[in-house]
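So the structure is just underneath, and the comments pick up after that.
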Amino acid sequence: MIRVPIASLREHVGETVTIAGWAATLRLQRALQFVLVRDHTGTVQVTHRRDGTPLDAELDGLTVESAVRVTGVVTDNPVVSLGGLEIIPERVTVENRAATPLPVDDNTGPEGRLDWRFLDVRRRPAARLVFAVQTTVEQAMREFAYANGCTEMHTPKLMGAASESGAEVFELGYFGRSAYLAQSPQFYKQMAIAAGIDRVFEVGPVFRAEPSFTSRHATEFTGVDVELAWISDVGDVMEFEERMLAHVLAAVEAEHGEQITEHFGTKVTVPSTPFPRITMAQAHELLGRPGERDDLDPAGERAVSAHIAQRTGHEFAFVTSYPASVRPFYHMRPAGEPDLTCSFDLLWRGLEITTGAQREHRYDVLVSQAAEKGVGTGPLRDYLNCFRYGCPPHGGLGLGLGRLLMVLLGLDSIREATFLFRGPNRLTP
RNA sequence: GGUCCUGUAGAGCAGCGUGGAGUGCUCGCCACCCUGUCAAGGUGGAGGUCGCGGGUUCAAAUCCCGUCAGGACCGCCA
Numbered sequence: 444m445i446r447v448p449i450a451s452l453r454e455h456v457g458e459t460v461t462i463a464g465w466a467a468t469l470r471l472q473r474a475l476q477f478v479l480v481r482d483h484t485g486t487v488q489v490t491h492r493r494d495g496t497p498l499d500a501e502l503d504g505l506t507v508e509s510a511v512r513v514t515g516v517v518t519d520n521p522v523v524s525l526g527g528l529e530i531i532p533e534r535v536t537v538e539n540r541a542a543t544p545l546p547v548d549d550n551t552g553p554e555g556r557l558d559w560r561f562l563d564v565r566r567r568p569a570a571r572l573v574f575a576v577q578t579t580v581e582q583a584m585r586e587f588a589y590a591n592g593c594t595e596m597h598t599p600k601l602m603g604a605a606s607e608s609g610a611e612v613f614e615l616g617y618f619g620r621s622a623y624l625a626q627s628p629q630f631y632k633q634m635a636i637a638a639g640i641d642r643v644f645e646v647g648p649v650f651r652a653e654p655s656f657t658s659r660h661a662t663e664f665t666g667v668d669v670e671l672a673w674i675s676d677v678g679d680v681m682e683f684e685e686r687m688l689a690h691v692l693a694a695v696e697a698e699h700g701e702q703i704t705e706h707f708g709t710k711v712t713v714p715s716t717p718f719p720r721i722t723m724a725q726a727h728e729l730l731g732r733p734g735e736r737d738d739l740d741p742a743g744e745r746a747v748s749a750h751i752a753q754r755t756g757h758e759f760a761f762v763t764s765y766p767a768s769v770r771p772f773y774h775m776r777p778a779g780e781p782d783l784t785c786s787f788d789l790l791w792r793g794l795e796i797t798t799g800a801q802r803e804h805r806y807d808v809l810v811s812q813a814a815e816k817g818v819g820t821g822p823l824r825d826y827l828n829c830f831r832y833g834c835p836p837h838g839g840l841g842l843g844l845g846r847l848l849m850v851l852l853g854l855d856s857i858r859e860a861t862f863l864f865r866g867p868n869r870l871t872p
């Protein structure tokens, strides 16, 4: 028999159906046995009046979180608090009895919940909603990317040399020599541009060997990358992103808006375009330190975001024109302003969720900028070759999917936005 | 990498300042009771290497040193 999702049982009153789920609560009395069964759509009460049949013992033997299949008659009963509905069982099959006691309960802290993540996610509808929203976000991104001429690419995560200077990479053994886990698809998506892929879209894992102990960092996370050929300037990239995010948030609002408000207490606001823009120099003036050359610190990002929100009512803010000193060698610099870059970060409610830039596509300039940054060109040979045989002007962005979800849902930590978190001290489960 | 905080029963905590028998709380677990429960209720019970190692002491969960694990912020980034 096909199982019926618990959320749609109301349509089956009077019928005999089979549901499948987990025993969420047991209230086994002398005359009556109540079992709340939860599946991925909802929870319903199974009510059995003891009658001396094997069903009595079957229900007595249940434990919380056991996987069960119940066949019975869907009965309308206003006495039942949970939806005014109950199932009078004819057959109960315990597919997998849960051991007792459970290692997690409603009190369990963040560490214990990560140790038993499958139970944590199973037991909390809000935790599962994160992944439903993530699915909608990714689908909407793809819809937008395809509608705007992108080709989805899959670039290697094993590399023979580190992809970017400075940042730490994971090194691993590779048939007697070293390989590295990709810390970004950066070079490969640019290679795709050189390959004549007009617009590149990629969603994939990114690995960072940075020992960062914060609520917004992971050593492995999902990156969304876009690279666009033949742009006029970096503004084309920013425009692409703001339109994509407006499309994504409209889809999320339509699909999950009510549930998100119910479970997370936050409202999904579909942003207007264009997003506000502020240069790095203006941001520093705003913070009362004109002339400052450094990057914004997290507190500065929050302050800039708050200021923009107050002034414009907008949750997003592009910070542009980062100093060349804090950007990698491949960021293009504006003509006549070698200390700046044609780059941006996107802040959402105070958190950095994207870095983007126009790339330097002129071979000679690229080589000299690499030299200036002290990047050895030897390991970059394959990358630099892309710029010797007709590479068009291009630019792109990288967006952290987990960070996007974190801000969207108001989560305390990226751990909540990730199914199985990976950090400096977390390699299991 | 830096600063700070935490580690006590299956879960979450109190106890530690001023050393004195694993002392306690909420939930869960096990058994029994309970004729419609629904945050069920009642009675009883089990469950502990006080993260780990060392030291001080007649005596250490408590004080000291080391170590491991986790968290927050900073740095760095998406």
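Under my numbering, think of the first position of the first sequence as 444, with each following residue one higher. Note that beta-carbon positions come from the ideal geometry of N, C-alpha and C, so glycine has one too.
**OP:** Determine the burial state of Y826: buried for a count of at least 16 other Cβ atoms within 10 Å of its Cβ, exposed for fewer.
**Re:** Along the first sequence, one-based indexing puts residue 826 at 383. Label assigned to Y826: buried.
**OP:** Note down the Cα distance separating P781 from T722, rounded to an integer number of angstroms.
**Re:** Walking along the first sequence from the start, residue 781 turns up at place 338. Walking along the first sequence from the start, residue 722 turns up at place 279. If you take the alpha carbons of P781 and T722, they lie about 16 angstroms apart.
Original post:
Counting only runs that start and end within the segment 558 to 625, where is the alpha helix (DSSP H) found for 4 or more residues in a row?
Top reply: 560 to 566, 568 to 590
Subject >> Pairwise C-alpha distance: V513 and S608 >> reply: Here residue 608 is taken as the residue at index 165 of the first sequence, counted from 1. Here residue 513 is taken as the residue at index 70 of the first sequence, counted from 1. Note that S608 scores 42 on pLDDT, short of 50, meaning its location in the model is unreliable and no value can be drawn from it.
**OP:** Spell out a yes or no on whether the segment 810 to 817 and the segment 790 to 801 are touching, meaning 3 or more CB-CB pairs, one atom from each, closer than 8 angstroms.
**Re:** no
Original post:
Is it true that the segment 565 to 577 meets the segment 699 to 711, where meeting means three or more beta-carbon pairs spaced less than 8 angstroms apart?
Top reply: yes
Original post:
What span of residues does the alpha helix (DSSP H) with N828 cover, start to end?
Top reply: Reading the first sequence from its first residue, position 385 is the one you call residue 828. It spans 824 to 828 - the alpha helix (DSSP H) in which N828 sits, taken as one unbroken run.
Original post:
Do E670 and Q626 have their C-beta atoms within less than 8 angstroms of each other?
Top reply: Residue mapping note: residue 670 aligns to position 227 of the first sequence, counting from 1. Residue mapping note: residue 626 aligns to position 183 of the first sequence, counting from 1. No, Cβ-Cβ distance for E670 and Q626 is not below 8 angstroms.
Subject >> Three or more C-beta pairs below 8 angstroms linking the segment 757 to 769 and the segment 739 to 749 >> reply: yes
Subject >> Within 8 angstroms, strictly: CB atoms of M681 and I640 >> reply: Taking the first residue of the first sequence as position 1, residue 681 is located at position 238. Taking the first residue of the first sequence as position 1, residue 640 is located at position 197. Contact: no.
Subject >> Pick from T662, L528, E554, T468 that is closest to A541, judged by C-alpha positions >> reply: Start at 1 with the first residue of the first sequence, and residue 541 comes out as number 98. The option with the nearest alpha carbon to A541 is T468.
**OP:** Can you have a look at D676 and say buried or exposed, based on whether 16 or more other CB atoms are within 10 angstroms of its CB?
**Re:** Taking the first sequence and counting its residues from 1, one reaches residue 676 at position 233. The residue in question, D676, is exposed, as its Cβ has fewer than 16 Cβ neighbours within 10 Å.
Subject >> Beta-carbon proximity of G457 to V522, cut-off 8 angstroms >> reply: The sequence position of residue 457 within the first sequence is 14, counting from 1. The sequence position of residue 522 within the first sequence is 79, counting from 1. Cβ atoms of G457 and V522: not closer than 8 angstroms.
Subject >> DSSP beta-bridge partners of P648 >> reply: Along the first sequence, read from residue 1 onward, the residue named residue 648 stands at position 205. In DSSP, P648 forms a bridge with T665.
Original post:
Considering only C-alpha positions, which residue in the set F656, M602, R620, C593 is nearest to E684?
Top reply: Sequence index remark: in the first sequence, residue 684 carries index 241 (1-based). For the residues F656, M602, R620, C593, the minimum Cα distance to E684 belongs to C593.
Original post:
If we count the other Cβ atoms within 10 Å of its Cβ and call it buried at 16 or more, is T496 buried or exposed?
Top reply: Position 53 of the first sequence holds residue 496. T496 comes out exposed.
Subject >> Close Cβ partners of P419 (< 7 angstroms) along its chain, the five nearest in sequence each way excluded >> reply: With the chain covering only 444 through 872, there is no way to say anything about residue 419.
Original post:
Taking the Cβ atom as the reference point for each residue, do G666 and G838 lie within a distance shorter than 8 angstroms?
Top reply: Here residue 666 corresponds to residue number 223 of the first sequence, with the count starting at 1. Here residue 838 corresponds to residue number 395 of the first sequence, with the count starting at 1. Contact flag unset, no.
Original post:
Taking DSSP as the reference, what is the three-state secondary structure of A800?
Top reply: Against the first sequence, residue 800 aligns to sequence position 357. It is a strand residue.
Original post:
Roughly how many angstroms separate the alpha carbons of R720 and G678, rounded to a whole number?
Top reply: Within the first sequence, numbered from 1, the residue matching residue 720 stands at position 277. Within the first sequence, numbered from 1, the residue matching residue 678 stands at position 235. If you take the alpha carbons of R720 and G678, they lie about 10 angstroms apart.
Subject >> CA-to-CA distance, F787 to S764, given in whole angstroms >> reply: As a working note, residue 764 is residue 321 in the first sequence. As a working note, residue 787 is residue 344 in the first sequence. Roughly 6 angstroms between the two C-alpha positions.
Subject >> CA nearest to the CA of E508, picked from V695, E554, L545, V649 >> reply: Mapped onto the first sequence, residue 508 falls at position 65. When only C-alpha atoms are compared, the closest one is L545.
**OP:** Could you tell me which residues DSSP pairs with G515 in its beta bridges?
**Re:** Along the first sequence, one-based indexing puts residue 515 at 72. G515 is bridged to V460, P532.
Subject >> Continuous beta strand (DSSP E) stretch holding T490: start and end >> reply: As a working mapping, residue 490 is identified with position 47 in the first sequence. First-last of the beta strand (DSSP E) with T490: 486 to 492.
Original post:
Do you know offhand how far V489's Cα is from A575's?
Top reply: Here residue 489 corresponds to residue number 46 of the first sequence, with the count starting at 1. Here residue 575 corresponds to residue number 132 of the first sequence, with the count starting at 1. So the two alpha carbons sit approximately 27 angstroms from each other.
Subject >> Buried or exposed (CB count within 10 angstroms, at least 16 for buried), R831 >> reply: Sequence index remark: in the first sequence, residue 831 carries index 388 (1-based). Looking at its Cβ environment, which holds fewer than 16 other Cβ atoms inside 10 Å, R831 is exposed.
Original post:
Are the Cβ atoms of I636 and P822 separated by less than 8 angstroms?
Top reply: As a working note, residue 636 is residue 193 in the first sequence. As a working note, residue 822 is residue 379 in the first sequence. Not closer than 8 angstroms, so no.
**OP:** Please work out which residues of its chain come closer than 6 angstroms, Cβ to Cβ, to R736, disregarding the five sequence neighbours upstream and downstream, and give them in chain order.
**Re:** Here residue 736 corresponds to residue number 293 of the first sequence, with the count starting at 1. Closer than 6 angstroms at the Cβ level, and outside the excluded window around R736, lie P766.
Original post:
In three-state terms, what does DSSP make of E682?
Top reply: One-based indexing of the first sequence puts residue 682 at position 239. The answer is helix: DSSP assigns E682 an H, G or I state.
Original post:
Of all the options T820, L794, E744, V808, which has the alpha carbon lying nearest to the alpha carbon of L854?
Top reply: As a position in the first sequence, residue 854 is number 411, starting the count at 1. Minimum Cα distance to L854 is reached at L794.
**OP:** Report the option in A726, A463, A622, Y773 whose CA atom is closest to the CA atom of V808.
**Re:** Here residue 808 is taken as the residue at index 365 of the first sequence, counted from 1. Out of A726, A463, A622, Y773, Y773 has the C-alpha closest to the C-alpha of V808.
Original post:
So who's on the other strand from R642, going by DSSP bridges?
Top reply: As a position in the first sequence, residue 642 is number 199, starting the count at 1. Paired residue(s): L671.
Original post:
Thinking C-alpha only, which one of Y617, E701, R686, E454 is nearest P879?
Top reply: Summary: the structure shown does not reach residue 879, with the chain confined to residues 444 through 872, and so no result is reported for it.
Original post:
If you pair each beta-carbon of the segment 645 to 662 with each one of the segment 557 to 564, do three or more pairs fall below 8 angstroms?
Top reply: no
**OP:** May I have the straight-line CA-CA distance separating A450 from G526, to the nearest angstrom?
**Re:** In the first sequence, counting from the first residue as 1, residue 450 sits at position 7. In the first sequence, counting from the first residue as 1, residue 526 sits at position 83. A450 and G526: Cα-Cα distance of roughly 10 angstroms.
**OP:** Ignore the nearest five residues each way along the sequence and tell me which others in S389's own chain have a CB closer than 6 angstroms to its CB.
**Re:** Shown here, the chain extends from 444 to 872; a query on residue 389 therefore has no answer.
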